[in-house]
Each structure stands twice: as C-alpha cells, then as structure tokens.
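Right, one structure below, let's go through it.
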Amino acid sequence: MLYREAGQFKSTYAQDQQIFPILQDRVAIAILLAVAFLLVPAFGNQYWLGAILTPFLIFSLAALGLNILTGYAGQLSLGTAAFMAVGAFMTYNFVLRIPGIPILAAFVLAGLCAAAVGIVFGLPSVRIKGFYLAVATLAAQFFVLWVLQRVGWFSNYSTSGVITAQEIAILGYRFDTPAKKYLLTLAVVAAMALLAKNLMRSETGRAFMAVRDMDVAASVVGIPMMKTKLLAFAISSFYAGVAGALHAFTYLGTVEPEAYSLDLSFRILFMVIIGGVGSILGSFLGAGFIILFPIFLNLASGWVSGLFGVEISFAVVSNLEVIIFGGLIIFFLIAEPHGLARLWQIAKEKLRLWPFPH
Amino acid sequence: MKRIPLVVTLGLVAAAGYSAGAWAQAKEQFVPVNSYWVGPYAAGGSGIAGAMIDYFKLLNARDGGINGVKVTWEKCETEYRNDRGVECYERSKKKGPTGATLIHPLSTGITYSLIDKGTADKIPIVSIGYGRTDAADGRVFPYVFPMITTYWSQNTAKIKFIGAREGGMDKLKGKKIVNLYHDSAYGKETIPVLDAQAKIYGFQVTHIAVPHPGNEQQAQWLQVRQIKPDWVILRGWGVMNPTALKAAAKVGFPRTKIMGVWWSGAEEDVIPAGDAAKGYIAAGFNAPGSNFPVLKEIQKYVYAKGQGELEDKSRIGTIYYNRGVLWGILTTEAVRTAQGRFGKGQPMTGEQVRWGLENLNIDEKRLKELGAVGFMQPLKLSCADHEGGGQVKFQQWDGRQWKVISDWVPSDQKLVRPMIEASAAQYAKEKGITPRDCSKEK
C-alpha cells in the first residue's frame, strides 16, 4: 500500500537513471542518513558509538571493498586483511613522516598504497581463476604481514612491531571523542559507499560484471581483461586500505600486525557471502550480522539466565554462542543462498503487492 | 507474523545498550572479568578468570568485601580478539556505582587497544605479566600498569639464572643461546633486551621465529640442532609449548636446558608433551601448589559451600589458578589502598584506584595477613614505576608437577629501566604527550 510506485512517472533520462528511482526509497534513505548523522551521535552513548557502530561501519567498508572484487568482478580474494594492514600502517607512516599532512590526505595516500599492493598481488588473476586465484591471494596475506613484522621502518622501529595512531585533526578540529570519531567514520563510509554504488552502475562496473559472468565473452566484446581485473583489485584494495586506516585511527588506536590475520580475511569474506555477493547493501548487512550478532548472543545469554534464574556455566554459554552462530549461518545459507540482501529484495517485492498479493 | 521476532530482537539490543546506567547506588565495587572461555587459549582464560572470581567470593563471604564494600563482577567473553575485547570494555566500564574499578584485558593485543581508551576514561588498564613493557614508565602511561614483572625484566632474570647455573655471569662468555619465539608482538618483545645483554655478557644469541599457532616446528628445531646452543629460551603461548618440547625430544636437545617464559610454564603446557616435558624449566611470578593459606581459605569458604567458579576442583593450585588468585589479590589490595586515602568503606572510582595502584605496597607483613607468603613477591609501585616487583621464581617440571627450584631472582633494572624510559619517551613524542612530573604527585 505504502510502498507502491504507481503514479511516479519519469520524464527525463536523469530521472530514469538516478540511484533510487522510487520516491519511497529516497525518503527512506534520507531518513536513514539523517538518523545516522544527527540522531545517533546526539543520543547514542559511548558504548554504542565506540564499540558497536564504529566497527560495524569500518567492517562494512572492508566488506564493500571485497564485494567489488569478489561480488562484482568475480575474483576470489583472501587477502583483504592484509590490504587493511597496509592502509593502517601507511597512514601511520604518512602522518609520522610528513609533518602537517591532512589526515584525509593520509587516508587517501594509504589507500593508494594498498591499491598498489593489490595490483601486484592481483597479477596472478590474469592467468588463473576461481579457487586457484584464492590460493594465490593467500600470498598477499602472508607476505604483507611478514614485511610489516620484519621491516622495522613500518612501525618506526617499535620493539614489538606495534603502531599507535596519532591524533586525528582536520583544520584544527580534533576528533577525540567516540561520537566525533563515529561521525568521521560515517562520513568516509557514506561517501565511499555512494562512490561504489555509482561506480558499479557505470561502464567500469558493467565491465566488472561482464568479466565475472563470462570472461571469454567479455574479452570477445572488447573488454580489456588485464586492465579490468587489475582495476578491480586496485579499487577493492583501496577500499580495504581506507577501512584499515579507519580501523587503526578511529577504532582501536593501537594495532599490531597480527590483528590483520588470515582469520580476519575469512571473516570479511563471510560478511560478503552472508550479506549478498554483488550487492552494496549486502556488505552492510553481512558486516552487521558477523560483527553484531555474536555480541547480541552474548548479551542475550545473560538475560536468559537472568530471566529464568538458572545459573549456567559461563564456559557452556560461551561455547553455545559459537554453536548457535554457526547454526544460523548454515540456516541462512540454506534458506537464501544469495544472502541477506536478496532476502531484503524479496521483502521489498512482497511489500509492493501488500495487502493484495496475487 | 514473521517480522515480530526481529522487532523484539531490535528492542532487546537497544535495551541492552541503555541498561548500563540502571544500577542501584549500593556499596559495591564492580570489577569486570573479561576473559575467554572458548578457543585455543581457553585453558588460561578460564583458569585465571575463575580463580580471580573465587578470590572475590572469598572476600565477600569471609570479610564482607573490602572494608564492607562487596565486590561484584560480570563476565564477558572476548574470544582473545581485539574487537570483542574493546566491546567488553565499553560494555562494562560504566557498570556498578562507580564504574569499572580496573580492567584486566588478559591479552597483549587487547591491552594495546585499550591504552588510549582507558587513559581517556580514567580506568586503569592492569596487565600483570604481559602487555606493553614500556608502559612501566608511569610518567608517560598514567593509567597502564604492567605489574609485577615485564617481559624485559623477566628476561634479565632468566639470563641471571642461566649465569648462576653456568657458574657465574662471566662464564656466559662465548655461550650460545637460542631465543625461540612466537611470531607476534608478544613474542618479539624481548629481542632488543637479549641483544643488549648478549653484548654485555658476550654470549651469542640467535632469534628463531615460530609462526602462529606454532604446531609445526621441525625446521626450527633442525636449526637449533645445527647451532648446538647451550640454552634455548622458549617464548611460546598455547599449543606452541608442548610442540616445542616434543620437537626438542625428537632432535635430542636436553629439556633441562630449555627455559620457558611464564606463559609457557603451566600444567596445560607440559602435560600434552608427556615424558618429553620432564626436566623443563620455566619462569613464574606466582608459585605453584595448593599449600598456601589463601587457597585453603578459598576451599573452606567457597568450594566447601559449593559456590566455586570452576567445575574441576583439581585445578586449584595449578599455575593458571594461582595466577588468577594473585590478580584478585592485587585488584582488591589496590582498592583497599585507595580506600585508605579516599574513604574507608566507600566504593572507589577508576581514578582513585589508579592512586591506589601507584601507592600499592604489599610487604612481607601484608603477605602474611593475606596468607600468601611465598605465593607472590612483595610489591611496591610508584608514580614512575608501574611495574613494582620485577622478581622471578624458576620452576621445573618433574613429570607430575611443577617444583620451585629457585628463590626470587631479581631482574636487572639497571639495564631494563633506561630502555623502558627511552621507549616510553619515543611513544610520548609520537603521541605528543608531556610526561607527568612525579615529584608533584600526592
């Protein structure tokens, strides 16, 4: 009833090509952004802003980066965490070694460094595909961490190889509270998500999808294979690099290279798979599921034992969480192999017909 | 109807975030217990956290808390992951009438992530026997307490012990020592100290990295065999330890010449290695065994009533359990010290507990009152020195249990302290921190 586009006519090409062609979607996204930018920082407490929403946004950005590569361009990668590490460590070094560099410029430069690393490790994709490529990208994961741990320059010769993010200031305005850091993260993530959404609707995005769907056909119609694949690696690594920089600067503050282990790469891949392969929205939903759901389970177990007054051993509770979480992943993948984004799409279709389904 | 559970779920999540403030103003001292009960390091996490809670229960049951202030706590699962650790910290920091007393992050990685946050929130980050070594310089790190012994101090004590075994520090000249380390921030921490000591005493040191998690060490031990070192220092964690002992047995390296860090010296580290672990020496900052008055009291007041935290009572007296009791003692003694200045019988804030930690002075007399003589070392902290003790005991595995084989071996602070100060000064410079003037602290 509410969600119906009847009567919305498009009389120009611009109207036809906008990101959200339906009025209700535009209103919804405007409300969402207003809530995220205005209401949340005003009413959210430190716990919500610093421990829940900021990491959620950062991992959404990392998942978005991987989704560009895996979901849109069809190149499987297991090196996302390594590209995040490049972003984190290079931002630290740019701020340390170039006095007075604006922090956003450092983020961009670090992202470009990550992109360069991504191109190097994306080179095998020109020759190999699928699972074999995933194994080849593992090299990035191990090599990058190895270099960051072995070459003292990257951590400014810290004995333990740990870096501490410097203070964030833009034009003299210091981002020192969780609310301000959240806003900075949100602004960066929102801008980059918009960019990604538009990029995927452009010629580049269509070239990515053509390569994903059938690379032989794509090259026959004149899409340069090498350039497209490497560009996908570069853009994806850029996103991961900026996510890593945010991870170090607006979230954790002090990071060790081990924080960007293979385990993290897998978690980001799971975000993409659960959220929805080849969907911008899916990256956010997947990150939400993987990051927030275990925390919810952890809190819920406390309420359940409080509600029923049963004292369950904490070790059992902790293990149960992992079991339930694993079970839910299987359930979602069986119920909807295309991820949470597809579930959302189905819900939207149903809403259009409601209350008179035919 | 399908959408209702989602709405309920969202409501519950929102309620969770805001329930933090809804605590009664009671005479309670809230201590978050953030640890790990799942994953590869669960043996350490569950033992330490359980023992700490047992000690709190003892205080509440026997003395009615700390001068009448009951100790309360809440457990939170970190899975040994930094992001979960930060989430637990944020969740627990405002609970209780005065917020979190202090935080034991129980992981070097989480400690790093919390340094900035704890300093901003005025909650002490206490990392006993792990964490960031240069944080021992309290002028730069006012809210970080790597108490008892840092890795660097411990390492100098190890070299002293090796020197004593070899018959004098001058006998170390020309000796070969291999540093077999877990390839992480934790493992790499002692490399500069060892290098500095190698120069002073004239021994040769080779650093060999073992990649995480360390269950494959054949190549490393072949290298050890080629070097034929006089001693091997093992800086392992978790599964790396029994693997190293087994691999040493395979290449025939005597276990009596392997010296482990204290995260390599628990029952859980040697029992899986079986006979291969016999004779292995490890450092420790708490004594093993259940023959201490404080542990007997816990048995009497907590376990006899069936309120113990651990299902397996035989874990009482193991290394991890005793370490947890030690953490409990330090936590509550810091609160007690703070109460001495800011008001007896009142719950203390994080800022007040920081004062308590800096003025903590546990001498032999106090140890006797606590029933912990020989269980831990006397400890005295100050504004500049957030480490305190700096002494290490050595223990040897006889195939069935750990036997203490040394008295408290003091560390070489003349060597370590300048290195700590230099490293802390570099941190201060990078972060733009002006170190505190300790003579002005009251």
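Chains Y and L, in that order, are what the protein sequence lines are.
Each residue of the first sequence is one higher than the one before, counting from 81 in the working numbering.
Each residue of the second sequence is one higher than the one before, counting from 927 in the working numbering.
Backbone N, C-alpha and C define an ideal beta-carbon position, used for all residues, glycine too.
Looking only at its own chain, which residues have a Cβ that is under 6 Å from the Cβ of residue 1210/L, when we skip the five neighbours before and after it? 1188, 1191, 1319 and 1321
For residue 1106/L, report the span of its beta strand (DSSP E) as first-last. 1102 to 1108
Below 7 Å CB to CB, which residues in the same chain sit around residue 1115/L once its five sequence neighbours on both sides are set aside? 1059 and 1077
Quick check: the region 1295 to 1312 of chain L against the region 1176 to 1187 of chain L, are at least 3 beta-carbon pairs closer than 8 Å? no
Give the C-beta separation of residue 1028/L and residue 1081/L to the nearest angstrom, bearing in mind that I take them to be a contact with Cβ-Cβ under 8 Å. Contact doesn't hold; Cβ gap of about 26 Å is too wide.
Distance between residue 1065/L and residue 1366/L (C-alpha atoms, nearest Å): 11 Å
DSSP puts residue 1208/L in a beta bridge; with which residues? 1186/L and 1321/L
So, helix, strand or coil for residue 1000/L, using DSSP? strand
Under 9 Å from the C-beta of residue 1349/L: neighbouring residues of chain Y: 238 and 239
Pop quiz: residue 1041/L and residue 1012/L are said to be a contact at Cβ under 8 Å. What is the actual Cβ separation, rounded to whole angstroms? Not a contact, Cβ separation roughly 11 Å.
If you measure from the beta carbon of residue 338/Y to each beta carbon in chain C, is any gap under 8 Å? No chain C appears in the structure shown, which is made up of the protein chains Y and L.
Less than 8 Å between CB atoms is the rule here; does residue 350/Y satisfy it with respect to chain L? no
Whether residue 980/L touches residue 1131/L by CB criterion (8 Å): no
Interface residues of chain Y facing residue 1054/L [CB-CB closer than 8 Å]: What residue 1054/L touches in chain Y: nothing, since even the nearest Cβ is about 18 Å away.
Strictly by DSSP, which residues pair up with residue 322/Y? In the DSSP output, where bridge partners are listed per residue, residue 322/Y has none listed.
Under a Cβ-count criterion, where at least 16 other Cβ atoms within 10 Å of its own Cβ denotes burial, should residue 419/Y be classed as buried or exposed? buried
Going along the region 959 to 987 of chain L in order, which residues come within less than 7 Å of chain Y, judged by CB to CB distance? 963, 964 and 972
Rounding to the nearest angstrom, what Cα-Cα distance links residue 1273/L and residue 1245/L in this structure? 31 Å
How big is the Cα-Cα spacing for residue 339/Y and residue 1108/L? 15 Å
Residues of chain L with CB under 7 Å from residue 375/Y, in chain order? 1013
May I ask you to report which of helix, strand or coil DSSP gives residue 1161/L? strand
For the region 1116 to 1142 of chain L, enumerate the residues whose C-beta is nearer than 8 Å to any C-beta of chain Y, in chain order. 1117, 1118 and 1138
Whose Cβ in chain L lies nearer than 7 Å to the Cβ of residue 330/Y? The contacting residues do not exist; residue 330/Y stays about 11 Å from chain L at best.
Could you please give the first and the last residue of the uninterrupted beta strand (DSSP E) stretch that includes residue 960/L? 954 to 961
Alpha-carbon to alpha-carbon, residue 199/Y and residue 268/Y: 23 Å
Quick one: list the residues of chain L neighbouring residue 131/Y, beta-carbon separation under 8 Å, in chain order. 1012, 1013, 1015, 1016 and 1017
DSSP puts residue 919/L in a beta bridge; with which residues? It is not possible to answer for residue 919/L, since the shown part of chain L is limited to 927 through 1368.
Just how far apart, CA to CA, sit residue 132/Y and residue 271/Y? 20 Å
In the DSSP assignment, find the beta strand (DSSP E) that holds residue 1135/L and state where it starts and stops. 1130 to 1136
Where does residue 1073/L fall in DSSP's three states? coil
For residue 88/Y and residue 306/Y, what's the separation of their Cα atoms in angstroms? 42 Å
Considering only residues of the same chain and omitting the five flanking positions on each side of residue 1079/L, which have a CB-CB separation below 6 Å? 1316, 1337 and 1342
Against residue 1338/L, what residues of chain Y qualify as contacts under a CB-to-CB distance less than 8 Å, listed in chain order? Those within 8 Å of residue 1338/L in chain Y number zero; the least Cβ separation is about 17 Å.
Hey, residue 244/Y and residue 1117/L are a contact pair by Cβ (cut 8 Å); roughly how many whole angstroms apart? No, residue 244/Y and residue 1117/L are not in contact; Cβ-Cβ is about 19 Å, not under 8 Å.
Since residue 136/Y is in the alpha helix (DSSP H), which residue starts that stretch and which ends it? 134 to 146
If the criterion is Cβ atoms closer than 8 Å, does the pair residue 1110/L and residue 1133/L meet it? no
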